[in-house]
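K.L.:
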Amino acid sequence: MSGLTEFPRHTGALAQQFREAGFWNDDRLADYLERWADETPDKVAIAAPDRDITYAEWRDRSRRFANALLGLGLKRGDVVAIQYPNHPEFPIAFLGVAMMGGVLCTLHMPYRAGEMAPLMNHGRARAVICIAGDDKYDAPATMADLKAQVPSLEHIIVVGGGGRAGTLDFDRLVEGAAADPVVDPPAPDDPVILCFTSGTSASPKGVVRTHETFTSNLRIYPPTIGLTADDRILVAPPFTHVFGLSCGMLGLCHGATNVLMSLFSPELYADRLIRGRPTVVFSAPAHVAATIKAGLLDDADLSSIRDVIVAGSVCPPEVAAALERRLPNGRTGQLFGMTETILIMQTPLDAPPEVRHTSTGRKTAGIEVRIANPEDDTDLPAGAEGELQLAGYSVFPGYLNNPEANATAFADDGFFRTGDLATVDADGNVVITGRVKDVINRGGIKINPTDVENLLQAHPAIVLAAVVPMPDDVLGERMCLFVTLAPGTRLSFEEMTGYLEENGVAKMRWPERLEIVDEMPMTPTRKIQKGELAKLVA
25 MSGLTEFPRH TGALAQQFRE AGFWNDDRLA DYLERWADET PDKVAIAAPD RDITYAEWRD
85 RSRRFANALL GLGLKRGDVV AIQYPNHPEF PIAFLGVAMM GGVLCTLHMP YRAGEMAPLM
145 NHGRARAVIC IAGDDKYDAP ATMADLKAQV PSLEHIIVVG GGGRAGTLDF DRLVEGAAAD
205 PVVDPPAPDD PVILCFTSGT SASPKGVVRT HETFTSNLRI YPPTIGLTAD DRILVAPPFT
265 HVFGLSCGML GLCHGATNVL MSLFSPELYA DRLIRGRPTV VFSAPAHVAA TIKAGLLDDA
325 DLSSIRDVIV AGSVCPPEVA AALERRLPNG RTGQLFGMTE TILIMQTPLD APPEVRHTST
385 GRKTAGIEVR IANPEDDTDL PAGAEGELQL AGYSVFPGYL NNPEANATAF ADDGFFRTGD
445 LATVDADGNV VITGRVKDVI NRGGIKINPT DVENLLQAHP AIVLAAVVPM PDDVLGERMC
505 LFVTLAPGTR LSFEEMTGYL EENGVAKMRW PERLEIVDEM PMTPTRKIQK GELAKLVA
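Here you go:
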C-alpha cells in the first residue's frame, strides 16, 4: 500500500479550537504561489548565485512538475523523497509535490543508503529526487541500489544529469508536462511534508505536517520580525531540515525574495551575506561562529542586513554580539523551533542586546510554555531551571507510526517534552540552558556544561567547544572538553583552565581532559553530535 493516509492529527475539540481562534484556516501551500504569481509575476522569488527565478516562472515549473508526477501515476498522499541542496529546483519540486497533493519527505545531503532506507520505508516513498552526483557521491546509483531495500520506490528523478538507465530527468519531466493547474488539488488538511527529527535508527521519529498546520505557522511567526514583501531572506540551514524549509517558505507566504546558498562553508556564507544583499538572515550559531573566526566578515559590507536570527542550537552570547558589531544597520536575535513545533518563540526586535543575545525570546500567539520538573512534569516556580514543555496550535500531535516514542514524548496533560533545559524570566523570555540528557553527573553533583561551553567559545583560539561526559570509576562521570581551533592558534590544557579561572568558573566545573580535533561531528544543521564525541572517550 502506498500513500500517507493515516498519521497523527489534532482532532475533535482541540482542532476546532485552533480553527475558531484563526490559527488554522483553509490555506494550502500552493495558494501563496498562485497569489504572488498573479500579483507580482515578474518579481524575483528565488535569487540563486547563478540565476534568478520569478514568481511566474516558479509557478509555471511547479505546475508542470505536479502534472508530470501525476502522469507517472502518483496520487494524493504519495510520498516523494528528496535529497538535494538549496538550489532553485528544491522549492520548484516542493511546490510541485504540494500542488498535486503529494508529501515531500526530506533526506539530508550527508545521508547514504544506510540512513535513507529506514526513512523512505517509514514513509513508503514512491519517488525520490536527487542530484546527478560526482566522483565523491553517485546519488543516482545509490538510489538505484535502494530500490532493493525500499519496495515502494518506483521512480528516481535526477536533476542535472538525465539519460542514465532507470532514472528520469527532472528538466525533461518539467518541459514535457502541461502548465495547467492541477485538476484535483489537495485539501487543507492533507499532508504536505514528512520530516524526521532523529532518523537513522530502526524506529525513526517522523513528523507529518498538513497544508494548514504548516502554513499557519508561516503566517503567524513573521509579524514578530516585521517581515514584508520587500525583504530578501537568506536561509543558511538546508531545506532538508524543518528549520531551513520553514524559513525558506516564509518568503513565499509573504511575497518576498529567497536568497539561496547551496551548502554551507564559511566562504560561501560570507559571499551570500555580502553579494546576496539580504535584509533578513536565518542561521545556526555554528555558521556565524566559523565565519567570524575565519575573519571573513571583518571588513565586509553588511549594510543591507536588518536582522540576523540564529536558531538550531544554543547560541553563545559572545557570538551574537560579535556579529551584531559587524552590522551597521542591523541586529542579531534568536528564535526557537523544532521539527515537532516549527517556529514558535522569538526575541522581541526592540529588546536590548542582553535579551536578544541570551534568550530565545517569548512565545508567539497560540503557544503555551511551561518549565517543568523532568522527573514528574510538575510546574516549577518562576526562575527555576527545568524542562521546557510546549503546547498549542503548532505543536505536533505525535510521531508517525512510532508508539514507543509517542509514549514518552508527552506529559499526561498533552504538553510536549522538548528535552531542553530552560528558565523563564519575569518578562516571559525563555533562556535555553542545555539539554536534559547532556547534564553530567560528577560524583552526585549535576553539572550543566552549556555556560562553560559558551564561555570557552569566547576564547580567541576556540571556534567550537563541546563538553561531554567520560566514565570514571570513582565519580561516575568526569568532563572532557573537545575544541576546534582558529587557524594558526594553539591551546594547552593549562591555558584552558587558566581562562576559566580568570572568568570565575568554579574548579568543580572545569573540564578534566582536553581534546583538540580538526572538525566536530555535526548534524546537517550544524549541531555538534555530542554522542559521537562521547564515544571517543568512553
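Just remember that my numbering sits 24 ahead of the position in the sequence shown, which is counted from 1. Glycine included, each C-beta is placed from N, C-alpha and C at the ideal position. If you're wondering where the values come from, they're calculated on a predicted model, not measured in any experiment.
Measuring straight from C-alpha to C-alpha, what distance separates L424 and H311?
P.N.:
Straight-line Cα distance between these residues: approximately 31 angstroms.
K.L.:
Identify whether C219 lies in helix, strand or coil by the three-state DSSP scheme.
P.N.:
strand
K.L.:
Since L177 and R150 are thought to touch, with beta carbons under 8 angstroms apart, how far apart are those beta carbons, to the nearest angstrom?
P.N.:
L177 to R150, Cβ: 7 angstroms. Contact.
K.L.:
Can you say whether E236 is buried or exposed, counting buried as having 16 or more other CB atoms within 10 angstroms of its CB?
P.N.:
Only buried fits E236, as 16 or more other CB atoms lie within 10 angstroms of its CB.
K.L.:
What does the alpha-carbon distance come out to for the pair G223 and A324?
P.N.:
Confidence in G223 is poor, its pLDDT being 40 and thus under 50, which makes the residue's placement unreliable; the coordinate value appears in the next sentence. Roughly 38 angstroms separates the two Cα atoms.
K.L.:
Within 10 angstroms of its Cβ, does L119 collect 16 or more other Cβ (buried), or is it exposed?
P.N.:
buried
K.L.:
Please go through the same chain and pick out, in chain order, the residues whose beta-carbon is closer than 7 angstroms to the beta-carbon of R355, but skip the five residues on each side of it.
P.N.:
D331, E348, R380
K.L.:
Measure the alpha-carbon distance for H34 versus P427 and round it to whole angstroms.
P.N.:
Between the alpha carbons of H34 and P427 lies a gap of roughly 16 angstroms.
K.L.:
Distance, Cα to Cα, I471 vs M503?
P.N.:
The straight-line gap separating the alpha-carbon atoms of I471 and M503 is approximately 9 angstroms.
K.L.:
Counting only the same chain and skipping the five closest in sequence on each side, list residues whose C-beta sits under 6 angstroms from that of S225.
P.N.:
Interpretation of S225 is limited by its pLDDT of 47, a score under 50 that renders its predicted location unreliable; the figure taken from the coordinates is listed afterwards. So no residue of the chain qualifies.
K.L.:
Would you kindly report the start and end of the unbroken beta strand (DSSP E) that includes N527?
P.N.:
Looking at the DSSP string, N527 is not in any beta strand (DSSP E), and its letter there is neither H nor E.
K.L.:
So, helix, strand or coil for F42, using DSSP?
P.N.:
helix
K.L.:
If you compare alpha carbons, which of A163, E44, P175 is closest to I181?
P.N.:
A163
K.L.:
Is it true that the stretch 482-489 meets the stretch 449-466, where meeting means three or more beta-carbon pairs spaced less than 8 angstroms apart?
P.N.:
Result no; under three Cβ-Cβ pairs closer than 8 angstroms.
K.L.:
Suppose contacts are defined by Cβ-Cβ distances below 7 angstroms. Is V283 in contact with R243 by that definition?
P.N.:
With contacts defined by Cβ atoms closer than 7 angstroms, V283 and R243 do not form a contacting pair.
K.L.:
According to DSSP, simplified to helix, strand and coil, what is I368?
P.N.:
strand
K.L.:
Report buried or exposed for D102, applying the criterion of at least 16 other Cβ atoms within 10 angstroms of its Cβ.
P.N.:
buried
K.L.:
Which word fits I444, buried or exposed, when buried means at least 16 other C-beta atoms lie within 10 angstroms of its C-beta?
P.N.:
The sequence given here has Asp at residue 444, not Ile. Label assigned to D444: buried.
K.L.:
Quick check on G555: buried or exposed, where buried means 16 or more other Cβ atoms within 10 Å of its Cβ?
P.N.:
exposed
K.L.:
Answer with buried or exposed for P134, where buried requires no fewer than 16 other C-beta atoms within 10 angstroms of its C-beta.
P.N.:
Exposed, because fewer than 16 other Cβ atoms sit within 10 Å of the Cβ of P134.
K.L.:
Can the beta-carbon of N465 be found less than 7 angstroms from the beta-carbon of E501?
P.N.:
For N465 and E501, yes; Cβs fall inside 7 angstroms.
K.L.:
Provide the residue span of the alpha helix (DSSP H) that contains T239, from first to last.
P.N.:
Residues 235-244.
K.L.:
Of all the alpha helix (DSSP H) runs that stay within the bounds of the stretch 70-103, which reach a length of 4 or more residues?
P.N.:
79-95
K.L.:
In angstroms, rounded to a whole number, what distance separates the CA positions of M25 and G36?
P.N.:
Because the pLDDT at M25 is just 41, under 50, the model does not fix this residue reliably, and the point stays unresolved.
K.L.:
Check for me: the beta strand (DSSP E) holding D444 runs from which residue to which?
P.N.:
440-448
K.L.:
Just verifying my parser: in three-state terms, what is the DSSP assignment at I6?
P.N.:
The structure shown does not extend to residue 6, since the chain is modelled only from 25 through 562, so no value can be given for it.
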